[in-house]
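**Student:**
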Amino acid sequence: MIKIAPSILSSDFGRLADEIKEVEAAGADWIHIDVMDGRFVPNITIGPLIVEAVRPQTGLPLDVHLMIEEPDRYIPAFARAGADWISVHQEACPHLDRTIHLIKEHGARAGVVLNPATPAEVLKPILPELDLVLLMTVNPGFGGQAFIPRVLKKVESIRRLLDQEGLSDVEVQVDGGINPETAKTAARAGASVFVAGSAVFGKEDREKAIRSIRSAAETGAARRR
Ligand SMILES: O=C(CO)[C@H](O)[C@H](O)COP(=O)(O)O
Ligand SMILES: [Fe+2]
Numbered sequence: 001m002i003k004i005a006p007s008i009l010s011s012d013f014g015r016l017a018d019e020i021k022e023v024e025a026a027g028a029d030w031i032h033i034d035v036m037d038g039r040f041v042p043n044i045t046i047g048p049l050i051v052e053a054v055r056p057q058t059g060l061p062l063d064v065h066l067m068i069e070e071p072d073r074y075i076p077a078f079a080r081a082g083a084d085w086i087s088v089h090q091e092a093c094p095h096l097d098r099t100i101h102l103i104k105e106h107g108a109r110a111g112v113v114l115n116p117a118t119p120a121e122v123l124k125p126i127l128p129e130l131d132l133v134l135l136m137t138v139n140p141g142f143g144g145q146a147f148i149p150r151v152l153k154k155v156e157s158i159r160r161l162l163d164q165e166g167l168s169d170v171e172v173q174v175d176g177g178i179n180p181e182t183a184k185t186a187a188r189a190g191a192s193v194f195v196a197g198s199a200v201f202g203k204e205d206r207e208k209a210i211r212s213i214r215s216a217a218e219t220g221a222a223r224r225r
């Protein structure tokens, strides 16, 4: 099943609650929240206080993408704030197995993120523990960047590894530069969750924006071999 997760990074933070309600009414499946610390990535965004403030504004799952060093220090706070999904970068986790268990112990579903230059194979030993794999299709840190087509091969590899291990229910998420065109190619490669910041919040008609991404992704998924 295709899921569309608008990223609030591209929303108007002065009207955050209204922006979230608008994309919920427009058909979003999840709300994607980009947490940046100015160390792992060169930008600073959101902390647990904002997640806590967002929680009562929507019934949709909150999908928290941690682009931070030492995520173990903050996972409990994000889970308490209401995160349903918490994803950490493999590149920031020397003890990834421990970090994944920490997320689950705090009642959230666990995801691991790979930067564009990190190979799929690093996740092989931990795949059975995961609920989601997020493949960055831009270098993390900013919205509005161009999709890196080279990552499509990695989407295919991860989907193949999951299918081989009987883990077809694990979500494969793509994030960065997603629009109807790139969503179609990513779905064809095996992606199931599509994060879109500027392609949703940058448009006047959010319902049309979400519908276009979803229908393109469905077309791509139908062509999967
Ligand atoms: O994780 C991210 C950036 O690091 C964002 O989720 C992503 O960039 C969304 O923005 P856009 O769809 O405009 O590329
Ligand atoms: Fe993100």
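Residue numbers (full-length UniProt numbering): 1 to 225. Cβ coordinates follow ideal geometry from the N, Cα and C atoms, glycine included. Values in this document were obtained by computation on a predicted structure and should not be read as measured data.
Could you name the residues that DSSP lists as bridge partners for H65?
**Tutor:** D34 and S87.
**Student:** Count the other CB atoms, across all protein chains shown, that sit within 10 Å of the CB of P6; report buried if there are 16 or more and exposed otherwise.
**Tutor:** It counts as buried.
**Student:** For the segment 30-39 against the segment 53-70, do three or more pairs of beta-carbon atoms, one drawn from each stretch, fall closer than 8 Å, so that the two count as touching?
**Tutor:** Segments in contact, yes.
**Student:** If you draw a straight line from the alpha carbon of R223 to that of R188, how long is it in whole angstroms?
**Tutor:** Cα-Cα distance, rounded: 6 Å.
**Student:** With a cut-off of 8 Å on the beta carbons, I'd call P48 and Y74 a contact; round off their distance for me.
**Tutor:** Rounded, the Cβ-Cβ distance is 7 Å, consistent with contact.
**Student:** I'd like to confirm something about F142: is its beta-carbon nearer than 8 Å to some heavy atom of ligand 1, or not?
**Tutor:** Yes; taking the cut-off as 8 Å, the Cβ of F142 has a heavy atom of ligand 1 nearer than that.
**Student:** May I have a chain-ordered list of the beta strand (DSSP E) segments no shorter than 3 residues that lie completely inside the segment 119-151?
**Tutor:** Counting only runs of 3 or more, we get 132-136.
**Student:** Which same chain residues, not among the five before or five after C93, have their C-beta less than 7 Å away from its C-beta?
**Tutor:** P71 and T99, listed in sequence order.
**Student:** For the beta strand (DSSP E) that contains K3, what are its first and last residues?
**Tutor:** Element bounds for K3: K3 to P6.
**Student:** Within 10 angstroms of the Cβ of D175, are there 16 or more other Cβ atoms? Answer buried if so, exposed if not.
**Tutor:** Buried: at least 16 other Cβ atoms inside 10 Å.
**Student:** From this set, I8, V195 and L123, which residue's C-alpha is nearest E91's C-alpha?
**Tutor:** The shortest Cα separation from E91 among I8, V195 and L123 belongs to L123.
**Student:** Against chain D, with Cβ distances strictly below 9 Å, would A216 count as a contact?
**Tutor:** Any reference to chain D falls outside this structure, which holds one protein chain only.
**Student:** Report yes if the C-beta of L9 is less than 8 Å from at least one heavy atom of ligand 2; otherwise report no.
**Tutor:** Checking every heavy atom of ligand 2 against the Cβ of L9, one is found closer than 8 Å.
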